[in-house]
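Peer 1: Residue 639 in the working numbering is what sits at position 636 of the sequence shown, and the numbering runs on without skipping anything.
Before I ask anything, here is the structure I am working with.
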Amino acid sequence: MSAVEAGELACHRPAATETEASGEAPAAGAVDGDGSPVIAVVGRPNVGKSTFFARASGRYAEVANVPGTTVSIARRHVRLGGRAAVLIDLPGAFTLTDRSDGLPAFWQLLLAARPDAIVVVVDAGDLRRHLPLALACRDLGVPIVVAANLADEAGARGIEVDLGRLSQLLAAPVHRTIGRQGVGVLAAVGDAIRLAGVRSSGDRAAVRRALPVPPYPADVVRRVSALAGRLAGGDVPTDHVPPELLSAVAAGRLSPVGAATIVAAEDLEPERWAVAERWAAQVERRHAVRPPLADRLARHVTAPWPGLPLFALVTLASLGATMALGTFLSNVLGSAWSAAVSPVLTAVVTALVPIPALAAATLWALDSGLLAMVSVGIPFVLSFYLLLAVLEDSGYLAGAAVLADRIFNALGLPGRAAIPLLAATGCNVPAIYGTRVLDSRRERLLASFLITLTPCSARSAVVIAALAPFAGPLAAFAAFGVVGLIALSAGLAANALVPGHQSPLVLELPPLRRPIARQVGAKAWFRFSSFVTTATPVMLAGSFVLGGLYETGAIGPIGDAIAPLVRGLLGLPPVAGIALALAFLRKELALQLLLVLAVAEYGAGASSLAAFMTSGQLFVYAIVTAVSVPCVATLATLAGEFGWRSALTVSGATLGVALAAGGIVARLVGIA
4 MSAVEAGELA CHRPAATETE ASGEAPAAGA VDGDGSPVIA VVGRPNVGKS
54 TFFARASGRY AEVANVPGTT VSIARRHVRL GGRAAVLIDL PGAFTLTDRS
104 DGLPAFWQLL LAARPDAIVV VVDAGDLRRH LPLALACRDL GVPIVVAANL
154 ADEAGARGIE VDLGRLSQLL AAPVHRTIGR QGVGVLAAVG DAIRLAGVRS
204 SGDRAAVRRA LPVPPYPADV VRRVSALAGR LAGGDVPTDH VPPELLSAVA
254 AGRLSPVGAA TIVAAEDLEP ERWAVAERWA AQVERRHAVR PPLADRLARH
304 VTAPWPGLPL FALVTLASLG ATMALGTFLS NVLGSAWSAA VSPVLTAVVT
354 ALVPIPALAA ATLWALDSGL LAMVSVGIPF VLSFYLLLAV LEDSGYLAGA
404 AVLADRIFNA LGLPGRAAIP LLAATGCNVP AIYGTRVLDS RRERLLASFL
454 ITLTPCSARS AVVIAALAPF AGPLAAFAAF GVVGLIALSA GLAANALVPG
504 HQSPLVLELP PLRRPIARQV GAKAWFRFSS FVTTATPVML AGSFVLGGLY
554 ETGAIGPIGD AIAPLVRGLL GLPPVAGIAL ALAFLRKELA LQLLLVLAVA
604 EYGAGASSLA AFMTSGQLFV YAIVTAVSVP CVATLATLAG EFGWRSALTV
654 SGATLGVALA AGGIVARLVG IA
C-alpha cells in the first residue's frame, strides 16, 4: 500500500446547518451548506473532549467529568482567524469500531459527519492508551491534529512530552492543551481548519504530500492493501463487510483503503497499540514526584474504607446543604413576592378582566402559579443544580460508580450504570440517554427503570420542600432512605423477572479535580435556565386550567372520583391526588399545584402545607411523588429509546410501585 493509497481521502465535504442530535448517525450531507470545512473532535471517554469543544466554540457544552457521558452529537459554527468552520463533538470512543446497543458503530458517526479534518484529544499523561485512536483516525486519510490535553495534570505527575518529536512520528501537528483553562485549544482548532482548507481546495498534489506512510509491518500493509483492492472491485462477501461501509465506498464517501482499515480493525488494533507503546517511550520523560493530593484522595474515595462512609457523608451533606440553601431562598423569594408582586397582580387582573371566573383563573396562573414556582421550584432546583455541578466537576461521581459495583451486580447491572443513575439526580431525561454507555438492551432497560425511580432535582425539591420546613430535616432524610429502599427492592425484582446477565465493569476513572467556579456556574445556570424556560409555561398553563376547573366547579367530580383511592389507600386529601395526577406534566407541579389547590379548597390559611396535611400525610405524599409515573418528557424519552410498549410498561410499573409503597407507608405512619 503506497502512501497515496494509505491516505486516500476517506470522508468528503458536508452540507446543512447547526443542529444538536442524539447518538444516531445523521444523514449524509446534514451538516453545513455554506462550504465551511468540518472539524470533528474525537477522543476517548474522560479525556476532557467536551470541555475542549466548549472552549473552542465559546459556548457551554454539557460536561460531567465522568466517563461515557457524551452520548450525543453537538455542532457549532466557529470562526478563527477569519476562517469559518463547523466544529462537531462526537461521543467518546476507544476505537473506531466501538458500538453501544442501539447506536451505530463509531466509524458510522464519524463518516456521517464527513469531516475535512479531525482533532484527536489525547491524555498527555497516558499516551500509550490514547495514541491508538489517533492512529486509527489517521489511517482513514483525513488530516488530524493531536491535542495533548490535561497537560497540567501530566506535569503534576512528573510526565513531560516532547511534542516536536511526537509531531514528527505522527506526521501531524501536536499541541499542548489544557481544556479547562483554554490553553492551546484555539491553536489546535486553527491548525485543523488550515489542514481542512488544504484538503478541500482540490489540490491533490498538496494533499498527497501531506499523507503519512503507515507505520505498520509490511505484511500488515500488504493485507490491508489487498483488502482495499477487493473492496474497490466489489469482490468481498457482504457478510464480511457492513452494508453501510460498502455503500459509502460505492458513493465515494469513503475510500477503499479507509474502508479496509475499518474492516481489518482486529488485525490493525494490536499493531496500533504496539506503535503507541514505542512512540510513547520515545516522547515521554518521567520524573519522580510526590503523587498529587488528588491522586492520594482518589485512592481513599474508591476503597470500601473510607470510601463508603465518605459517600454516605457526601450524600447527607449535599441533601442538607440543598435543604438549608433552598429553604433560605424560598423564604426570601416567597416573602418578597407576597409583599411586592401579589397585590399589584391582583389589582391589575381584577381591573382588566371583567369576568370574575376568568379573572380568578388568570390569578391562579399569574399569582398563585408563579408564586409556587418562585418559592418552591426555583430555590430548591437551583440549589440542587449547584451542588450537583460541584460533585460532577470534581470527578467524584465516577469513584462512586466503582463503590457501587457490587450493589449494581445484584440488580443485573455493572457499576458503570451508576453514572446515568447519578446523572438522574439532576434530570431523568439525559440520564436515560446516558444508558447508552451500557452494553445491552436488557441493561439499558433495567437501568432506565431504576432511573425513573430515582428522584430527579424536581422530585428531590418536592420531597425537601414538603418535609424539611414542616416535618423537619430528619423526615426528609428518612423519605430519601425509604425511596432508596423502594428502588433497590424494585430493581431486585426486575432483575429476577428479566432474563440475562450483566457485563463486567470496565471503567476509566478520572482523577479528582478542583472544581472550576466558572464551569460549575455555567453548568448550573445552563440546567437551571433550561428548567425555568420549560417549566414556567407549563406551570402557567397548568395553573390556569386548574383554576378554570375549580372556578367552574368541574374539579369537584374529579376529586370525588379519586377520593376512594387517594383517601382510602394513601390516607391523603383528594386535592393531593389531583396534584399528583397533574404532576405528570412536570414533577415540580406536584407541590406547586398542591399549594394552589389547597388555598382554593381550604382558604388563605392553607398557604402552609401544615395547615391541611399532617406530617405523616406529607411524608407519604413526598414518597409517592418521588416514585410514581415519570413526567411526560421522561415518558417520551423512554418511548424514543425503547418504544412505546416498553415505555408504558416501565411507567405502569413505577405507578404500581408508588401506590403499593405509599399504601404500606401510610399504614405504618397511621394515616390509613
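The beta carbon of each residue, even a glycine, is placed where N, CA and C say it ideally should be.
Note that the structure is a prediction, hence the values are computed from the model and not measured.
Please classify R302 as buried or exposed, where buried requires at least 16 neighbouring CB atoms within 10 angstroms.
Peer 2: By the 10 Å Cβ count, R302 comes out exposed.
Peer 1: Take every Cβ of the stretch 329-340, pair it with every Cβ of the stretch 459-473, and state whether three or more of those distances are shorter than 8 Å.
Peer 2: Judged by Cβ distances under 8 Å, the stretch 329-340 makes contact with the stretch 459-473, as three or more pairs qualify.
Peer 1: At the level of alpha carbons, what is the spacing between P273 and L543?
Peer 2: Each residue's Cα considered, the two are about 59 Å apart.
Peer 1: In the structure shown, what three-state DSSP assignment does H290 receive?
Peer 2: Here H290 sits in coil by DSSP.
Peer 1: Please list, in chain order, all residues of the same chain as A324 whose beta carbon is under 8 Å from its beta carbon, the five residues on each side excluded.
Peer 2: Cβ within range, chain order: S386 and L390.
Peer 1: With H, G and I counted as helix, E and B as strand and the rest as coil, what does DSSP make of V50?
Peer 2: Correct three-state label for V50: coil.
Peer 1: Taking C-alpha atoms, which residue in L169, L257 and F531 lies nearest to W110?
Peer 2: Checking every option, the nearest Cα to that of W110 belongs to L257.
Peer 1: With DSSP collapsed to three states, give me the class of L83.
Peer 2: Note: L83 maps to strand in three-state DSSP.
Peer 1: Give me the Cα-Cα distance between V81 and V89, rounded to the nearest whole angstrom.
Peer 2: For V81 and V89, the distance between alpha carbons rounds to 6 Å.
Peer 1: With DSSP as the reference, label H243 as helix, strand or coil.
Peer 2: Three-state DSSP puts H243 in coil, outside helix and strand.
Peer 1: For D165, which three-state DSSP category applies?
Peer 2: Reduced to three states, the DSSP call for D165 is coil.
Peer 1: Give the secondary structure of R160 by DSSP, where H, G and I count as helix, E and B as strand, and everything else as coil.
Peer 2: Looking at R160 - three-state DSSP - the assignment turns out to be coil, as it is neither helix nor strand.
Peer 1: According to the neighbour-count rule (16 or more other Cβ atoms, all chains shown, within 10 Å of its Cβ), is S532 buried or exposed?
Peer 2: So S532 ends up on the exposed side.
Peer 1: Given P518, which residues of its chain have a CB within under 8 Å of its CB, disregarding the five upstream and five downstream residues?
Peer 2: Only A392, V393, D396 and S397 meet the Cβ criterion.
Peer 1: Compare the beta carbon distance of I435 and T637 with 8 Å and say whether it is the shorter of the two.
Peer 2: Yes, they are a contact pair.
Peer 1: Considering only DSSP beta bridges, list what L453 is partnered with.
Peer 2: In the DSSP output, where bridge partners are listed per residue, L453 has none listed.
Peer 1: Starting from the C-beta of L366, find all residues in its chain whose C-beta is less than 6 Å away, skip the five residues before and the five after it, and write them out in chain order.
Peer 2: Once the five neighbours on either side are set aside, the close Cβ partners of L366 are V352.
Peer 1: Just grab the DSSP bridge partners of A150 for me.
Peer 2: DSSP output for A150 lists V124 and H178 as bridge partner(s).
Peer 1: Please name the residue, chosen from D129, L99 and A493, that lies closest to W282 on a Cα-to-Cα basis.
Peer 2: Answer by Cα proximity: D129.
Peer 1: Is V672 helix, strand or coil by DSSP?
Peer 2: V672: coil per DSSP, three-state reduction.
Peer 1: Sorted by chain position, which residues of the same chain lie with C-beta nearer than 8 Å to Y490's C-beta, five sequence neighbours on each side aside?
Peer 2: It is Ala, not Tyr, that sits at residue 490 in the sequence shown. Only L453, L456, T457 and V630 meet the Cβ criterion.
Peer 1: How about the stretch 121-139 and the stretch 40-49: do they share at least three Cβ pairs that are nearer than 8 Å?
Peer 2: The stretch 121-139, when compared against the stretch 40-49, does touch it at the 8 Å Cβ threshold.
Peer 1: According to DSSP, which residues form a beta bridge with L90?
Peer 2: Beta-bridge pairing links L90 to I42 and R79.
Peer 1: Keeping to the same chain, check which residues put their C-beta closer than 6 Å to that of S60; ignore five residues upstream and five downstream.
Peer 2: If we look at S60 and ignore the five residues flanking it on each side, its Cβ neighbours are R79, V81 and L90.
Peer 1: Determine which residues share a DSSP beta bridge with V2 and list them.
Peer 2: Not covered by the structure: residue 2. The range shown for the chain is 4 to 675.
Peer 1: Can you find the residues in the same chain that come closer than 8 Å, C-beta to C-beta, to V677, ignoring five residues on each side of it along the sequence?
Peer 2: The structure shown does not extend to residue 677, since the chain is modelled only from 4 through 675, so no value can be given for it.
Peer 1: Quick check: S321 and Y388, are their CB atoms within less than 8 Å of each other?
Peer 2: Result no, Cβ atoms of S321 and Y388 do not sit closer than 8 Å.
Peer 1: Spatial neighbours of V569 within its chain, please: C-beta separation below 7 Å, excluding the five flanking residues on both sides.
Peer 2: Excluding sequence neighbours, V569 sits near L575, P577, A579 and G580.
Peer 1: Are at least three pairs of beta-carbons, each pair with one atom in the stretch 154-171 and one in the stretch 275-295, less than 8 Å apart?
Peer 2: Verdict: yes, contact present.
Peer 1: Which whole-angstrom value describes the C-beta separation of D370 and S338, a residue pair presumed to lie in contact below a C-beta threshold of 8 Å?
Peer 2: Not confirmed; about 15 Å, so no contact.
Peer 1: Expressed to the nearest angstrom, what Euclidean distance is found between the alpha-carbon atoms of H243 and D270?
Peer 2: Looking at the two C-alpha atoms, the distance is approximately 14 Å.
Peer 1: In three-state DSSP terms, what is M616?
Peer 2: Reduced to three states, the DSSP call for M616 is coil.
Peer 1: Classify S631 as helix, strand or coil using the three-state DSSP reduction.
Peer 2: Coil.
Peer 1: Smallest Cα separation from A362: which of A468, P294 and E554?
Peer 2: The candidate whose alpha carbon is nearest that of A362 is E554.
Peer 1: When DSSP labels each residue in this structure, what does T536 get in the three-state scheme?
Peer 2: Note: T536 maps to helix in three-state DSSP.
Peer 1: Would you kindly work out how many angstroms separate the C-alpha atoms of V252 and V239, rounded to a whole number?
Peer 2: Looking at the two C-alpha atoms, the distance is approximately 12 Å.
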